[in-house]
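To start, the structure itself, in structure tokens.
There are 2 protein chains.
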Amino acid sequence: MHLFHCPDLASDAVELPPEEAHHALAVLRLRAGDRVGLLDGRGTKALGELIGLAKRSVTARVLERRLLPPERAARIQLAVAPTKQMERFEWFVEKAVEVGVDRIIPIRTERTERSALRHDRLLRVAVAAMKQSQRAWLPEIAPLMPLEALLADAPAQRFFGWCQPGLRSLMAAYRADGDALLAIGPEGDFTEAEAERLRGAGAEGVALGAARLRTETAALAACTWMSLSQQR
Amino acid sequence: MHLFHCPDLASDAVELPPEEAHHALAVLRLRAGDRVGLLDGRGTKALGELIGLAKRSVTARVLERRLLPPERAARIQLAVAPTKQMERFEWFVEKAVEVGVDRIIPIRTERTERSALRHDRLLRVAVAAMKQSQRAWLPEIAPLMPLEALLADAPAQRFFGWCQPGLRSLMAAYRADGDALLAIGPEGDFTEAEAERLRGAGAEGVALGAARLRTETAALAACTWMSLSQQR
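For the record, the sequence lines run as chains W and F.
Here the first sequence stands for residues 0 to 231, where the numbers follow numbering that gives the first Met the number 0.
Here the second sequence stands for residues 0 to 231, where the numbers follow numbering that gives the first Met the number 0.
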């Protein structure tokens, strides 16, 4: 059954967002009476029946709702400096949502290679990945923010990937029973000054293994470790 | 310093493979006397100096060699049914090499969506990823093989990703101190008969968490878990 993202599933008759409506009409060519799955991204999975199909709008009657609990007991936040190639960052967002993440925060650092980010595109990738992995919860995609703003209200466990010898590994440091934030720097890494600020804010520099990883690879590897650690 | 893959670093003067030579000449426009890094993919990192540059060939004098031990005490083998979209499989190969893997085995299963595979392309992706992550060891990319051939000489730890409730997770089952092989099926998973054959060959069906993951996502998540588990 086809899944659609429908942020508001509260009423009995709901309207699909324009993009989802277009997909249902132009791509899938669904008809009145067709059954569809509806996800609001906030834990609700619903069974719907299409009732009103106009040129650009699709209305569905909600036949039944299920509210699913959050997947993780402990939240996982990944703060990542966007890569020069947008597709690599979008790839990270897709995979992180599939593997399991609660919040993705693009960060601006001294060496970040992008000053702007198409937030709508990242959101679209995240929604597609949520549907692909049949999740009811849509991770938050935060707007691009400076490192400082990131640390304003971070959870107790704070890490940042840091390419230096002698550091404890994330695998040794991360406790799966607590909320955590991990920051991954750009190609070229965080500057010494940024690492100082991160440490000053109570973040621990951790290693992710011996090899030099691309930004998006390191971010996904860390996300995978934290998410799977909670599902042992 | 630019890195090049040069399978034979035994002699004092070595010739770069055609593709690497083209890259050095046409893309990087290197000159005689330039210093380069050379990787044979079998543990040797060498410092070279370019001496002979012809139209299509590049020769380097090997100034010094270092033989690096294998990265992992226990080998990690990933057997994966290639995806319909080749780029998704190439993406998996790139990321798996970055994160750490010893052998990637494309497998033909009943529901595998590709009957043929451009092995040379996968190899090129693996070489690029080895250079990117500055590794001296190039993982083996096996030719596409049927499930049966896979199990012929598999290590003691044998797992396969299996989308069924009640299974132990890979995270609970995998022991980082032993060689392991994990098989990931195609979209649509292994058939019951294939799962039976896998179990018959001593492979344990394991879960990778609650969410439904794409083939390439599941394969990389498993690879990441096993590789990082060895680097705690």
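Positions of the beta carbon are idealized from the N, C-alpha and C atoms, including for glycine.
(message) Taking the straight line between their C-alpha atoms, what separation do you get for A141(F) and G165(W)?
(response) A straight line joining the alpha-carbon of A141(F) with that of G165(W) spans about 35 Å.
(message) By the three-class DSSP mapping on this structure, what secondary structure does R174(F) have?
(response) R174(F) falls in the coil class under three-state DSSP.
(request) Residues of the region 152-185 of chain W with a CB closer than 7 Å to any CB of chain F: list them in chain order, please. (result) The region 152-185 of chain W vs chain F, Cβ under 7 Å: S168, M170 and A171.
(message) Against chain W, which members of the region 24-41 of chain F pass a CB distance test of less than 9 Å?
(response) Those residues of the region 24-41 of chain F that come within reach of chain W (Cβ to Cβ, closer than 9 Å) do not exist; the list is empty.
(message) Nearest by alpha-carbon distance to L66(F): which of A202(F), L77(F) and R41(F) is it?
(response) By alpha-carbon distance to L66(F), the top candidate from A202(F), L77(F) and R41(F) is R41(F).
(request) Starting from the beta carbon of S114(W), find every residue of chain F whose beta carbon is closer than 7 Å, and list them in chain order. (result) Chain F residues near S114(W): none, gap ~25 Å exceeds 7 Å.
(request) Give the DSSP-derived three-state secondary structure of Q84(F) in the structure shown. (result) Of the three classes helix, strand and coil, the one that applies to Q84(F) here is coil, per DSSP.
(message) Looking at the strands, I want to know which residues DSSP matches up with P145(W).
(response) P145(W) pairs with R107(W).
(request) Could you work out which residues of chain W lie near R123(F), taking near to mean beta carbons separated by less than 7 Å? (result) What R123(F) touches in chain W: nothing, since even the nearest Cβ is about 17 Å away.
(request) Please list the partners that E97(W) has in chain F, where partner means a Cβ-to-Cβ separation under 8 Å. (result) Correct list: A210, L212, R213 and T216.
(request) Please classify H21(F): does DSSP put it in a helix, a strand, or coil? (result) Of the three classes helix, strand and coil, the one that applies to H21(F) here is helix, per DSSP.
(request) Would you give the residue range spanned by the alpha helix (DSSP H) that V124(F) belongs to? (result) Start and end: H118 to Q131.
(request) Under 8 Å by Cβ, that's how I've got A78(F) and L149(F) pegged, so tell me the actual separation to the nearest angstrom. (result) About 5 Å separates the beta carbon of A78(F) from that of L149(F), a gap short enough to meet the 8 Å contact definition.
(message) In the DSSP assignment, the alpha helix (DSSP H) including R64(F) goes from what residue to what residue?
(response) For R64(F), no alpha helix (DSSP H) run applies; the uninterrupted beta strand (DSSP E) run containing it begins and ends at V57 to L66, by DSSP.
(request) At 8 Å on the CB atoms, spell out the chain W contacts of R134(F), in chain order. (result) Using a Cβ-Cβ cut-off of 8 Å, R134(F) is close to A210 of chain W, given in chain order.
(request) Using three-state DSSP, classify E186(W) as helix, strand or coil. (result) Here E186(W) sits in coil by DSSP.
(message) Against chain A, with Cβ distances strictly below 8 Å, would A220(W) count as a contact?
(response) No chain A appears in the structure shown, which is made up of the protein chains W and F.
(request) Could you work out which residues of chain W lie near T82(F), taking near to mean beta carbons separated by less than 7 Å? (result) Result: empty, since nearest Cβ-Cβ is about 13 Å, beyond 7 Å.
(message) For a cutoff of 8 Å on Cβ pairs, would you count L227(F) as touching chain W?
(response) Taking 8 Å as the CB threshold, L227(F) lines the interface with chain W.
(request) For R87(W), collect the residues of the same chain with a Cβ closer than 7 Å to its Cβ; drop the 5 residues on either side in sequence, then sort them by chain order. (result) Cβ within range, chain order: E215.
(message) Below 9 Å on C-beta distance, what does T43(F) contact in chain W?
(response) Here the premise fails: no neighbours, minimum Cβ distance about 17 Å.
(request) Could you name the residues of chain F that K94(W) contacts, counting a contact when the two beta carbons are closer than 8 Å? (result) What K94(W) touches in chain F: T216 and L219.
(request) For chain W, find out if any of its Cβ atoms is closer than 8 Å to the Cβ of E70(F); answer yes or no. (result) For E70(F), the answer is yes, since a Cβ of chain W falls inside 8 Å of its Cβ.
(request) Alpha carbon to alpha carbon, how far is A179(W) from P154(W)? Give it in angstroms, no decimals. (result) Roughly 6 Å separates the two Cα atoms.
(request) List the endpoints of the continuous beta strand (DSSP E) containing R196(F). (result) Going by DSSP, R196(F) is part of no beta strand (DSSP E) but of the alpha helix (DSSP H) stretching over E191 to G199.
(request) Determine the DSSP secondary structure at S168(W), reduced to helix, strand or coil. (result) S168(W) falls in the strand class under three-state DSSP.
(message) By the three-class DSSP mapping on this structure, what secondary structure does K54(W) have?
(response) If DSSP states are grouped into helix, strand and coil, K54(W) belongs with coil.
(request) May I ask which residues mark the beginning and end of the beta strand (DSSP E) holding A12(W)? (result) Residues A12 to E14.
(request) Taking T43(F) and E14(F) to be in contact with their CB atoms under 8 Å, please state how far apart those CB atoms are, rounded to whole angstroms. (result) In this structure T43(F) is not in contact with E14(F), their Cβ atoms being roughly 16 Å apart against a cut-off of 8 Å.
(request) Would you check if the distance between the CB atom of A175(F) and the CB atom of A73(F) is smaller than 8 Å? (result) Yes. Within cutoff.
(request) Grab the span of the beta strand (DSSP E) containing E203(F) for me, first residue to last. (result) Annotation: the continuous beta strand (DSSP E) that includes E203(F) extends over E203 to V205.
(request) Could you name the residues of chain W that R231(F) contacts, counting a contact when the two beta carbons are closer than 9 Å? (result) Taking a Cβ-Cβ threshold of 9 Å, the residues of chain W close to R231(F) are S168, M170 and A171, in chain order.
(message) Let me see if you follow: with CB-CB separation under 8 Å, is T58(F) close to chain W or not?
(response) No, T58(F) does not count as interfacial toward chain W.
(request) Whole angstroms is fine: what's the gap from S132(W)'s alpha carbon to G51(F)'s? (result) Spanning the two alpha carbons is a distance of roughly 53 Å.
(request) Could you tell me which of G99(W), I106(W) and E186(W) sits nearest to K130(W), measuring between CA atoms? (result) Nearest to K130(W) by C-alpha distance, out of G99(W), I106(W) and E186(W), is G99(W).
(request) Just grab the DSSP bridge partners of F91(F) for me. (result) Secondary-structure assignment with DSSP links F91(F) through no beta bridge to anything.
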